[in-house]
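For the sequence shown, position 90 matches number 90 in the UniProt record's numbering, and the numbering has no gaps at all.
First up is the structure itself, then whatever we jot down about it.
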Amino acid sequence: MTVRVGVLGATGAVGQRLIQLLDPHPEFEIAALTASDASAGETYKDAAKWRVNSPIPEDVAGLEVRATDPESVPDDVDLIFSSLPSSVGAEVEPEFCEAGYTVSSNSSNARMDEDVPLIIPEVNADHVDLLEVQRDERGWDGALLKNPNCSTITMVPPLAALDREFDLTDVRVSTLQAVSGAGYSGVSSMEIIDNAIPHIGGEEQKMESESRKLLGSFDGAEVHLNEMDVAASCNRIPTLDGHLENVWADTAEDISTADAEAAMESVTGIDLPSSPEKLITVFEEPDRPQPRLDRNVEDGMGVAVGGFRETTDGVQFNCLAHNTMRGAAGASVLNGELLDKRGYL
Numbered sequence: 001m002t003v004r005v006g007v008l009g010a011t012g013a014v015g016q017r018l019i020q021l022l023d024p025h026p027e028f029e030i031a032a033l034t035a036s037d038a039s040a041g042e043t044y045k046d047a048a049k050w051r052v053n054s055p056i057p058e059d060v061a062g063l064e065v066r067a068t069d070p071e072s073v074p075d076d077v078d079l080i081f082s083s084l085p086s087s088v089g090a091e092v093e094p095e096f097c098e099a100g101y102t103v104s105s106n107s108s109n110a111r112m113d114e115d116v117p118l119i120i121p122e123v124n125a126d127h128v129d130l131l132e133v134q135r136d137e138r139g140w141d142g143a144l145l146k147n148p149n150c151s152t153i154t155m156v157p158p159l160a161a162l163d164r165e166f167d168l169t170d171v172r173v174s175t176l177q178a179v180s181g182a183g184y185s186g187v188s189s190m191e192i193i194d195n196a197i198p199h200i201g202g203e204e205q206k207m208e209s210e211s212r213k214l215l216g217s218f219d220g221a222e223v224h225l226n227e228m229d230v231a232a233s234c235n236r237i238p239t240l241d242g243h244l245e246n247v248w249a250d251t252a253e254d255i256s257t258a259d260a261e262a263a264m265e266s267v268t269g270i271d272l273p274s275s276p277e278k279l280i281t282v283f284e285e286p287d288r289p290q291p292r293l294d295r296n297v298e299d300g301m302g303v304a305v306g307g308f309r310e311t312t313d314g315v316q317f318n319c320l321a322h323n324t325m326r327g328a329a330g331a332s333v334l335n336g337e338l339l340d341k342r343g344y345l
């Protein structure tokens with residue numbers, strides 16, 4: 001059965017990636033697109049200023065852009081994908097949920113709310129059942145599910161592989177993040193060319209808190225945060241796509257580089273259309289992964305790792321993922337697939 005979907009914030013960077021992924025999707029059909037009031041009433045082709053590296057889908061180009069409110073979206077839309085700015089999402093997403101829509105959101109608002117599932121399906125799909133608690137407590141017919149920040153998504157699958165076998169105690173991470181993570185107008189060329197910016201507002205806090213929720217345990221009523229300590233330092237660099245991260249992971253159990261590589265190598269995707277067959281690709285070369293060479297591993301939906309070294313209390317490694325695919329639009333689509341499979345639509 002085809003699932004009719006809508007996209008909130010459809011003209012932005014992540015919104016365009018969502019459309020790129022949803023148009024050929026085997027189970028989803030794009031039925032509604034929304035944007036700001038200034039774009040409402042225009043065709044999507046005119047409103048979007050399309051910048052994705054594939055042609056704008058013909059059957060989407062002529063769709064009329066709607067205002068971003070529940071009354072503008074047809075009742076027969078089964079699932080909403082949100083790529084709204086967090087300040088807008090905080091107000092609008094609950095309105096859609098109250099109106100009966102189920103929302104898979106990339107926006108950062110509400111990720112740490114106790115009754116909002118924060119999901120990477122290959123890591124913590126069981127947390128989706130927190131939606132039962134959410135619906136009971138909020139009285140919604142709809143539901144709100146979040147994917148994490150792009151930098152968090154990059155490091156958590158490898159960390160999950162280590163935590164399952166060796167019990168993580170401390171994580172330190174320093175990121176080298178692509179400019180696309182800031183949106184089309186987020187960082188000016190004068191700021192980023194010949195430069196690196198050692199601060200991304202709010203990014204460290206997101207990585208530190210979200211990773212503990214993702215790797216926490218769900219008891220059927222609430223998510224208990226993982227007790228590991230996490231500290232992050234985030235940097236913007238002049239690459240277009242692909243977040244590269246240097247990670248130091250301390251474990252309670254003894255671990256070697258061979259152990260770490262084997263744990264990550266064994267991780268596979270799950271039975272969802274957008275989940276890659278191989279979630280984590282391990283590189284033996286000491287200078288991999290690299291953004292230009294490896295950001296599209298598994299069609300942009302995988303995580304690349306390498307550079308393993310033993311440390312006093314664990315291992316150090318590097319990881320990389322495509323920040324607007326696996327780290328944003330692809331993550332939301334995966335969560336939409338999970339919602340459908342688990343009967344929440």
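Heads up, the beta-carbon is just placed ideally off N, CA and C, and yes, glycines get one too.
Taking C-beta atoms as the reference points, L79 and V3 count as a pair closer than 8 Å.
As DSSP reads the structure, T175 sits in a beta bridge with C234, E245.
In the displayed model, G314 falls within a strand according to three-state DSSP.
Looking only at H243, D259, G181, W50, the smallest Cα-Cα distance to L293 is reached by H243. In the three-state DSSP reduction, V60 falls in the helix class (H, G or I). Take the alpha-carbon of E71 and the one of T34: they are about 11 Å apart.
Under the 10 Å beta carbon count, E114 is surrounded by fewer than 16 other beta carbons and is classified as exposed. When rounded, the separation of the alpha-carbon atoms in T152 and K341 is 24 Å.
Between V230 and V171, the CB-CB gap stays under 8 Å. By the Cβ-count criterion, I193 is exposed, with fewer than 16 other Cβ atoms from all chains shown falling within 10 Å of its own Cβ.
Contact between S332 and M301 is ruled out by a C-beta separation of about 12 Å, above the 8 Å threshold.
In the DSSP assignment, E29 is bridged to R4. The region 317-329 makes contact with the region 246-257, as at least three CB pairs between them are under 8 Å.
Assignment of A38 by DSSP, reduced to helix, strand and coil, places it in the coil class. By the beta-carbon neighbour count (other beta carbons within 10 angstroms, threshold 16), S266 is exposed.
For S87, the three-state secondary structure derived from DSSP is helix. Secondary structure note for A160: its alpha helix (DSSP H) is the uninterrupted segment 150-166. Collapsing the DSSP output to three states places G336 in a helix. Ranking A47, T239, P26 by CA distance to the CA of S36 puts A47 first.
A67 sits in a strand when the DSSP states are folded into three classes. Three or more Cβ pairs closer than 8 Å define a contact, and the region 147-161 meets that threshold against the region 117-127.
Residue range 102-105 is occupied by the beta strand (DSSP E) that includes S104. Counting only residues of its own chain and dropping the five nearest sequence neighbours on each side, E253 has a CB closer than 6 Å to the CB of F166, D167. Secondary structure remark: continuous alpha helix (DSSP H) runs of at least 4 residues inside the region 262-325, in chain order: 291-294.
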